[in-house]
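In what follows, a single structure is set out as structure tokens and then discussed.
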């Protein structure tokens, strides 16, 4: 009886060993067949045995900081500051780079990633709708679209934003400072007592958002002859410029944005794009806050055209100011002659 039980136990152990070793045997067979067929476990690529050129960590630090502080020095006094790098602000910078490449343009964007809400369309969907005739900017920057008659559709909003952003950043007369917030405006009075916006007060965005949790951290400043404010209507710093101007008594009380109406909203945003006080031009949805005009929702044409129009208005204001400065200098020279 004991001999029979021992025999059965040996057979069971043998079966277990056979079953457990079967996958291993299959793997060995597959590897052998692959070797015989000239196959390798890892394919050969152009990037095998890749090696970077040597560099010191301090070299990387100096490469970044030296250029950043050079930009800060160069743009401490600039021609046009654009506040907000959403679709309107980027369109404004793009237009300025095309029509006046000699004009020095500085963009201040509070977010790490420029583009505002134009990385996606309505309700986080992908496709961007642009009503005609605003679609001409897509032809200029070579973005493909589906023509639906009165409007066009781009397969992904990020395609438009990334392409427009690349055009702006490649322009030699434009500098973007992102992750930087505009905390306040520089306001100056002329000899007649008229107040004019003369620049922006800036700080790191993280500092601006946490002034109430730490001791005071003073800001930096950028002087500018003209400012284009395109802060939008949403977010922690939405419509910042018009709210500040209203608090200073330079604009009446802000009525706020009205309810959605696509057909009237986009026309009003473009047609109302203007210099609201001396030295500051409004573009995009910040206009809806000061005018009480409707929001348009997920259509983007008005943002692009408003930004482009703002570029022309800002440039005209810049030229007017420079002409006045020349006239004042000539008058002073004639008096001292």
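Numbering (our numbering), first residue to last: 1429 to 1765.
Virtual Cβ for every residue (Gly too), placed ideally from N, Cα, C.
All figures in this text were calculated on a predicted structure; none of them were measured in a lab.
Subject >> Close Cβ partners of residue 1645 (< 6 Å) along its chain, the five nearest in sequence each way excluded >> reply: 1635
**OP:** Assuming residue 1712 contacts residue 1654 (C-beta within less than 8 Å), just tell me the rounded distance between them.
**Re:** Not really, about 16 Å apart at Cβ, beyond 8 Å.
**OP:** Could you name each continuous alpha helix (DSSP H) segment of 4 residues or more that falls completely within the segment 1688-1721, going from the start of the chain to the end?
**Re:** Counting only runs that start and end inside the segment 1688-1721, the alpha helix (DSSP H) elements of at least 4 residues fall at 1690-1699 and 1714-1719.
**OP:** Provide the residue(s) that pair with residue 1630 in DSSP beta bridges, ordered along the chain.
**Re:** 1610 and 1648.
Original post:
What is the rounded straight-line gap between the Cα of residue 1622 and the Cα of residue 1674?
Top reply: 16 Å
Original post:
For residue 1748, which of helix, strand or coil comes out of DSSP?
Top reply: helix
Original post:
What do you get for residue 1696, buried or exposed, if any count of 16 or more other CB atoms within 10 angstroms of its CB means buried?
Top reply: buried
Original post:
residue 1579 lies in the beta strand (DSSP E); which residues open and close that run?
Top reply: 1579-1582
**OP:** Could you pull out every unbroken beta strand (DSSP E) segment of at least 3 residues lying fully inside the segment 1539-1600, listed in chain order?
**Re:** Those beta strand (DSSP E) runs which fall completely within the segment 1539-1600 and span 3+ residues are 1556-1559 and 1579-1582.
Original post:
So who's on the other strand from residue 1604, going by DSSP bridges?
Top reply: 1535
Original post:
Name the DSSP beta bridge partners of residue 1686, please?
Top reply: 1722
**OP:** Hey, could you find the ends of the beta strand (DSSP E) residue 1510 is sitting in?
**Re:** 1505-1511
Original post:
Is residue 1755 helix, strand or coil by DSSP?
Top reply: helix
**OP:** Could you have a look at residue 1479 and say whether DSSP puts it in helix, strand or coil?
**Re:** Three-state DSSP puts residue 1479 in coil, outside helix and strand.
Original post:
Beta-carbon separation of residue 1513 and residue 1734 under 7 Å?
Top reply: no
Original post:
What separation, rounded to the nearest whole angstrom, lies between the Cα atoms of residue 1613 and residue 1632?
Top reply: 15 Å
Original post:
Just checking my contact of residue 1527 with residue 1739 at CB under 8 Å: how many whole Å lie between their CB atoms?
Top reply: Rounded, the Cβ-Cβ distance is 7 Å, consistent with contact.
Original post:
Taking the alpha-carbon positions, what's the residue 1665 to residue 1658 distance?
Top reply: 11 Å
Original post:
Is the beta carbon of residue 1603 less than 7 Å from the beta carbon of residue 1569?
Top reply: no
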